[in-house]
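First comes the structure, then the notes that go with it.
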Amino acid sequence: MIELWGEAVRSIEALVKPSQREQWLRPIQCIGISEGRIRLRAPNRYHKEWFEDNYLPSILQDLETRTQSSFTVDFEISDGEVTSPPRVSTPTPTVDLCPVPAISPGLEPRYTFDKFVVGPTNQFAHAAARMVADAPASKWNPLFIYGGVGLGKTHLLHAIGHEIHRQHPDWKITFITCERFVTDFIGSMMNQRRQGGVNLMEEFRARYRDQPDVLLVDDIQFLSNKDSSQDEFFHTFNALHHAHKQIVLTCDKLPGELSGLADRLRSRFTWGLLTEIGHPDLETRVAILKRKAELESLVLPDDVALYIAAHVKSNVRELEGALLHLSARASMAGLLMSKEFAEETLRKLIATTRTGLTIEAIQREVAAYFDVKLADLKGPKRHRAVAHPRMIAMYLARRLTAMSYPEIGSRFGGKDHSTVISAVRKIERLAAEDPGLRSVVGTLESHLRQG
Ligand code: ADP
Ligand code: MG
């Protein structure tokens, strides 16, 4: 079923600029389709929102024409890396399950030291990473970088890889997510059993124990409660450590806080240096935004940077998401990113988590204001006296809740997502021209916000 999604995405790809494809389509993962529900994973809320408004409707349309059925879409926001979906099926023995990582370590080109903004909450981790990159395996082995989601752990890990590669181009740098290590390991083991003769486990071990000069493992918390993978990693670790090869690990918590981890591994993780990355402070958030804008050649006025930084505090990934969302909207509207534009555009995204408004509350408020029956507002009647309030209710639902177009449609008596989209666009357009409507919508919104 997931292939269906891939096909639908490809069908619209031709219409999308390659850079947009990379930026907006590629990071959206389909994690499952069943019983008319599509589950998607987006890297952050800003990405979700933009994707939903600009690409989802066409993709759904393609999918629905193709399958002659309708779908609802659920999003989840990934709290980790956007990686390829985990393998679900057991590969056939003939498939090269674990291709040997190429000499080029497969690192993300953007994640270098010079693109990493240093502030009070990451300066120690940054300095440690630099030192390890400059003198691998001389002092701190392993280097263990820990901290919450989206704070730059993976970035630093790749930066170490890039720097070592620059200084020692002939070294073998192996970068791997822990998840991949585990699937590789399990795959090699299963295929080994089935195949007899060919020694896949030997290959696996050579790949991780013998060949690397540097081993970079991302998100080591993935080893929790996976006993045989832990055993394997224990031996990998020992072999490399013994041979004076640098190991760098990232994790979402301290070794001592990892549950389901064997003590012997836990203690090894603390042999070298533990270093934390914390949430960036306001100044650092502003600096990160400016750096990002510079890298993407965006014009970002100071007051806009400050506005975003003051409101998006959760992590750096969200911060970047907010900036890209804003700049995409501004360029589509042919506007410059002003503070007003930023407020207007981000208000909803920033507020949704706070308003906690339900669509029922919005429907009731709108029905009462226009003196129409709730059932009519949600029903099929098309005359203007109900159709107009209905469009406003849809618009407000979109603005004040985190619901998707298809979800909103389903709460108005099963209307199509395209109906909701055109209603929202229509109200936006009319409100821009008509001060009367603007004030009606504004009044409703502020009533709702005040509960
Ligand atoms: P983590 O691995 O901790 O979840 P990432 O390393 O994936 O977080 O970082 C999320 C995003 O934020 C990446 O795009 C990364 O480049 C960016 N980022 C994080 N910290 C910084 C920083 N200090 N300076 C610049 N960009 C950063
Ligand atoms: Mg990461």
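Residue numbers for the sequence shown follow the numbering used here, so the first one is -13 and each next one is one higher.
Built from N, CA and C at the ideal position, the CB exists for glycine as well.
Just the Cα atoms here: how many angstroms apart are residue i and residue j?
{"i": "Q436", "j": "N211", "result": "46 Å"}
{"i": "L46", "j": "N127", "result": "49 Å"}
{"i": "L275", "j": "R370", "result": "45 Å"}
{"i": "N30", "j": "V118", "result": "31 Å"}
{"i": "L202", "j": "T236", "result": "8 Å"}
{"i": "L286", "j": "G18", "result": "38 Å"}
{"i": "T405", "j": "G395", "result": "7 Å"}
{"i": "P198", "j": "K401", "result": "56 Å"}
{"i": "V168", "j": "D204", "result": "12 Å"}
{"i": "V272", "j": "L305", "result": "9 Å"}
{"i": "E189", "j": "Q207", "result": "25 Å"}
{"i": "L332", "j": "L312", "result": "7 Å"}
{"i": "E431", "j": "T344", "result": "13 Å"}
{"i": "D156", "j": "A114", "result": "23 Å"}
{"i": "L382", "j": "D39", "result": "15 Å"}
{"i": "S300", "j": "R180", "result": "47 Å"}
{"i": "P85", "j": "R166", "result": "The pLDDT assigned to P85 is 37, lower than 50, so where the model puts this residue is not dependable; a value taken from the coordinates is nonetheless given after this. Each residue's Cα considered, the two are about 12 Å apart."}
{"i": "T69", "j": "H154", "result": "Annotation note: pLDDT 40 at T69 (below 50); position unreliable, coordinate value reported separately. If I take the Cα positions, the gap works out to 28 Å."}
{"i": "Y194", "j": "I159", "result": "10 Å"}
{"i": "M380", "j": "A316", "result": "23 Å"}
{"i": "E67", "j": "A354", "result": "Annotation note: pLDDT 43 at E67 (below 50); position unreliable, no value reported."}
{"i": "L209", "j": "K231", "result": "21 Å"}
{"i": "E21", "j": "I(-12)", "result": "12 Å"}
{"i": "L137", "j": "N108", "result": "9 Å"}
{"i": "Q349", "j": "L360", "result": "7 Å"}
{"i": "E393", "j": "R252", "result": "45 Å"}
{"i": "Q6", "j": "Y32", "result": "15 Å"}
{"i": "L423", "j": "E330", "result": "17 Å"}
{"i": "A409", "j": "F37", "result": "18 Å"}
Tell me which residues share the same chain as residue i and place their Cβ nearer than 6 Å to its Cβ, disregarding the 5 neighbours each side in the sequence.
{"i": "Q178", "result": "L186, M187"}
{"i": "L260", "result": "F130"}
{"i": "V298", "result": "E304, L305, A308"}
{"i": "D238", "result": "Q207"}
{"i": "L284", "result": "S313"}
Looking at the unbroken alpha helix (DSSP H) that takes in residue i, where does it start and where does it end?
{"i": "I14", "result": "Premise fails: I14 is in no alpha helix (DSSP H) and is neither H nor E."}
{"i": "D204", "result": "Premise fails: D204 lies in the beta strand (DSSP E), 200 to 204, not in any alpha helix (DSSP H)."}
{"i": "G147", "result": "139 to 153"}
{"i": "F161", "result": "Premise fails: F161 lies in the beta strand (DSSP E), 159 to 163, not in any alpha helix (DSSP H)."}
{"i": "R435", "result": "421 to 435"}
{"i": "T261", "result": "Run containing T261: none in the alpha helix (DSSP H); it sits in the beta strand (DSSP E), 259 to 263."}
{"i": "L363", "result": "360 to 364"}
{"i": "A28", "result": "Segment 23 to 28 is the beta strand (DSSP E) holding A28; no alpha helix (DSSP H) there."}
Please return the same chain residues whose Cβ sits closer than 7 Å to the Cβ of residue i, not counting the five positions on each side in sequence.
{"i": "A319", "result": "none"}
{"i": "D362", "result": "V372"}
{"i": "L93", "result": "H144, G147, H148, F161"}
{"i": "V103", "result": "T270, A273, I274, R277"}
{"i": "R254", "result": "F223"}
{"i": "H433", "result": "E351"}
{"i": "A0", "result": "none"}
{"i": "K412", "result": "M377"}
{"i": "K3", "result": "none"}
{"i": "F171", "result": "F190, S215, E218"}
{"i": "L321", "result": "F327"}
{"i": "L226", "result": "R195, P198, L201, I233"}
Identify, in the order they occur along the chain, each residue of the same chain with its Cβ nearer than 8 Å to the Cβ of residue i, setting aside the five sequence neighbours on each side.
{"i": "E62", "result": "I17, R25, L26, R27, A28"}
{"i": "H374", "result": "F356"}
{"i": "R23", "result": "F57, T58, V59, D60"}
{"i": "A328", "result": "V290, Y293, I294, L312"}
{"i": "W257", "result": "N127, P128, H227"}
I want to check one thing, is the minimum distance from the CB of residue i to the heavy atoms of the ligand ZN below 7 Å?
{"i": "K101", "result": "Judged by which ligands are present, the ligand ZN is missing from the structure shown, whose ligands are the ligand ADP and the ligand MG."}
Where do the ends of the beta strand (DSSP E) carrying residue i lie?
{"i": "D60", "result": "58 to 63"}
{"i": "Y132", "result": "129 to 133"}
{"i": "V234", "result": "232 to 237"}
Check: Counting pairs of beta carbons, one from the stretch 213 to 223 and one from the stretch 158 to 177, are three or more of them closer than 8 Å?
Finding: Remark: three or more beta-carbon pairs, one from each stretch, lie closer than 8 Å, so the stretch 213 to 223 and the stretch 158 to 177 are flagged as touching.
Check: Taking three-plus beta-carbon pairs below 8 Å as touching, is the stretch 254 to 270 in contact with the stretch 133 to 151?
Finding: yes
Item checked: Three or more C-beta pairs below 8 Å linking the stretch 242 to 258 and the stretch 142 to 150 -> Judged by Cβ distances under 8 Å, the stretch 242 to 258 makes no contact with the stretch 142 to 150, as fewer than three pairs qualify.
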